[in-house]
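In this note's numbering, the protein residues as written are 29 to 155. Below you'll find the structure, written out as structure tokens, and then a few comments.
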Amino acid sequence: MIISQIASICIGASLGALLRYGLGLSMNSIFPTMPLGTFFANILGGFLMGIFMGLIKDQSFFPNTMKLAIATGFLGSLTTFSTFSAETLTLLTHGQYLWSSIMITSHVAGSIFATFLGLYSVKVLSY
């Protein structure tokens, strides 16, 4: 890996992490049983990844460093499987089985659906 690739990932990751932190600060207190900041970070990240996938699919004008900054750096640090896992485990250890099931289902299905919507949006807007 060369310095420009490392720098691209670091810059993107810094911005994604700041957005995720901001979402947590502004949203997690709204509904403490299911932290909405993590949920929206994952859904937004999925949607943006779908858009990005659609944009780069047939385009060679995206430099590799930009792809790394956006997909690996920004979206990789915005979406957060480890926080989702920790929050789900906390619910499980507190006997909140229904809420943990809702959380698992909504994060996984929501992220996949949001990624599809992002990709589909690019297709619709391209025509």
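From the three backbone atoms N, C-alpha and C, an ideal C-beta is built for every residue, glycine too. As the structure is a computational prediction, the values presented were derived from the model and not from experiment.
- When DSSP states are grouped into helix, strand and coil, Asn-56 belongs to the coil group.
- Sixteen is the threshold: since fewer than 16 other Cβ atoms of the shown chains lie within 10 Å of the Cβ of Gly-123, the residue is exposed.
- Contact check for Gly-73 against Leu-103 passes: the beta carbons are separated by less than 8 Å.
- Here Lys-95 carries a helix assignment [DSSP, helix/strand/coil].
- By the beta-carbon neighbour count (other beta carbons within 10 angstroms, threshold 16), Ser-54 is exposed.
- Each of Tyr-155, Thr-108 and Ala-35 was checked against the Cα of Met-94, and the nearest Cα belongs to Ala-35.
- About 6 Å separates the beta carbon of Leu-64 from that of Asn-56, a gap short enough to meet the 8 Å contact definition.
- Contact between Ser-128 and Thr-143 is ruled out by a C-beta separation of about 23 Å, above the 8 Å threshold.
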